[in-house]
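Engineer: The structure's right below; bear with me while I get my questions together.
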Amino acid sequence: MIYGVLVGVILRYGIHIPSDINNVTLSCPMQTSPATLLVNLSGKFYEYTLKGEISFHELNNVQDNEMLRKVTFDPEVFFNILLPPIIFYAGYSLKRRHFFRNLGSILAYAFLGTAISCFMIGSIMYGCVALMKVMGQLGGDFYFTDCLFFGAIASATDPVTVLAIFHELQVDVELYALLFGESVLNDAVAIVLCSSIIAYQPAGDNSHTFDVTAMFKSIGIFLGIFSGSFAMGAATGVVTALISFVCPSETLFLFPSEEVRSSGSRKNRQSQEVCPGKEFRILDWFCQ
């Protein structure tokens, strides 16, 4: 957090972006603002996306908005670079026997529990927003899809502190496996939920009305992405297991920790053959 604050201060006050705004006024008779604008300059096309309407007094803050866009974190970097090692480490370090023994309960908690939590948080938030509008404490538009999007983000919880306390207290292994397995899978479920909520596009001019067709389309996207990702991950695991089973010695170089563990187990067997007596326990420990 301190590192992020320091980097933010340096970017905000240490880097000066010169103003290069050119005012060009063109009259275009249009009733509504286009979502995308294509500009043709000498045969080169440039695409501009509408961010929203601004007032005349906010024109001086356009340069600050440019700085904000430059320092905004790209979600594709998180999804494609940072998130896969985190999920790989979580899956590699879990206890497989307890995980697969409780796979049905873990999937129920991760799949149904995260979806129910998303809708509960979104509904409560939408009710609070509606109450604030009635009381006159909130202006502007705030839709139910926005509340569901926030609910999907808030449902992806990682109980790191609770797991650490469970580990120190030596709680039941089944309870630890349930909580840890749910925390591993709910991130993927929350990401798919966010994608489904973004893909909700009702027919007509008003994109925030309730549409049964768009709702079932979002549910289909959710089930399709989740099932496809689950099948792809399972197929990759099965293929890797088959390759490792056929040629285990050739694949050990890919996993140095397994190679060291295998070497240590061989030394352990050799030491037990050489020094089987109790008086050589120190030597046996050293051989391990």
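All residue numbers for the sequence shown refer to UniProt numbering, where the first residue is 1 and numbers rise by one.
For every residue, glycine included, the Cβ atom is placed at its ideal position computed from N, Cα and C.
All of these numbers come straight from a predicted model, not from anything done at the bench.
(1) What are the start and end residues of the beta strand (DSSP E) that includes F45?
(2) Can A164 and I121 be called in contact, C-beta distance under 8 Å?
(3) Going straight from the alpha carbon of F253 to that of S244, what length do you get?
(4) Which value, in whole angstroms, describes the spacing of the CA atoms of G151 and D187?
(5) From Y96 to L37, what does the alpha carbon distance come to, in whole angstroms?
(6) Does the beta-carbon of Y200 have 16 or more other beta-carbons within 10 angstroms, so that it is buried, or is it exposed?
(7) Could you round the C-beta distance between residue 338 and L178 to whole angstroms and report it? I think they count as a contact, below 8 Å.
(8) Going along the chain, which unbroken runs of the alpha helix (DSSP H) with 4 or more residues stay wholly within the stretch 79–154?
(9) Check V39 in the structure and name its three-state DSSP category.
(10) Compute the distance between the beta-carbons of D158 and S183, then report whether it is under 8 Å.
(11) In the DSSP assignment, find the unbroken alpha helix (DSSP H) run with I197 in it and report its ends.
(12) So, does the stretch 114–131 touch the stretch 139–148, judging by three or more C-beta pairs under 8 Å?
(13) Return the Cβ separation of T240 and V189 in integer angstroms, given the expectation that the two are a contact with Cβ distance under 8 Å.
(14) V192 and F222: beta carbons closer than 8 Å?
(15) Suppose you measure from the CA of F226 to the CA of V173; what does that come to, to the nearest Å?
(16) Select from F88, L169, F142 the residue whose C-alpha is nearest the C-alpha of G237.
(17) Excluding the 5 residues flanking L175 on each side, which residues of the same chain have their C-beta closer than 8 Å to its C-beta?
(18) Between L185 and A110, how many whole angstroms is the CB-CB distance? I'm expecting something under 8 Å.
(19) Could you give the DSSP three-state label for A214: helix, strand or coil?
(20) Count the other CB atoms, across all protein chains shown, that sit within 10 Å of the CB of N102; report buried if there are 16 or more and exposed otherwise.
(21) When the Cα atoms are used, what is the spatial distance from T251 to F180?
(22) For S218, count the other beta carbons within 10 Å of its own beta carbon; 16 or more makes it buried, fewer makes it exposed. Which is it?
(23) Helix or strand or just coil, what does DSSP make of P159?
(24) Just the Cα atoms here: how many angstroms apart are S93 and I197?
Structural biologist: Short version:
(1) 44–49
(2) no
(3) Unreliable placement is indicated for F253, whose pLDDT of 47 sits below 50; the coordinate value is still reported in the next sentence. Between F253 and S244, the alpha-carbon positions lie close to 11 Å from each other.
(4) 13 Å
(5) Before going further, note that residue 96 is Arg rather than Tyr in the sequence given. The straight-line gap from Cα to Cα measures roughly 52 Å.
(6) buried
(7) Nothing can be reported for residue 338, as the shown portion of the chain is limited to 1 through 288.
(8) 83–93, 96–101, 103–107, 114–134
(9) strand
(10) yes
(11) 173–198 is the span of the alpha helix (DSSP H), which, as asked, contains I197.
(12) yes
(13) So it is not a contact: roughly 23 Å between Cβ atoms.
(14) For the pair V192 and F222, the CB atoms are nearer than the 8 Å cut-off.
(15) 28 Å
(16) F88
(17) F166
(18) 4 Å
(19) helix
(20) buried
(21) Residue confidence for T251 is low, a pLDDT of 47 falling below 50, so the modelled location carries little weight; the figure read from the coordinates is stated next. Each residue's Cα considered, the two are about 29 Å apart.
(22) Result: buried.
(23) coil
(24) 32 Å
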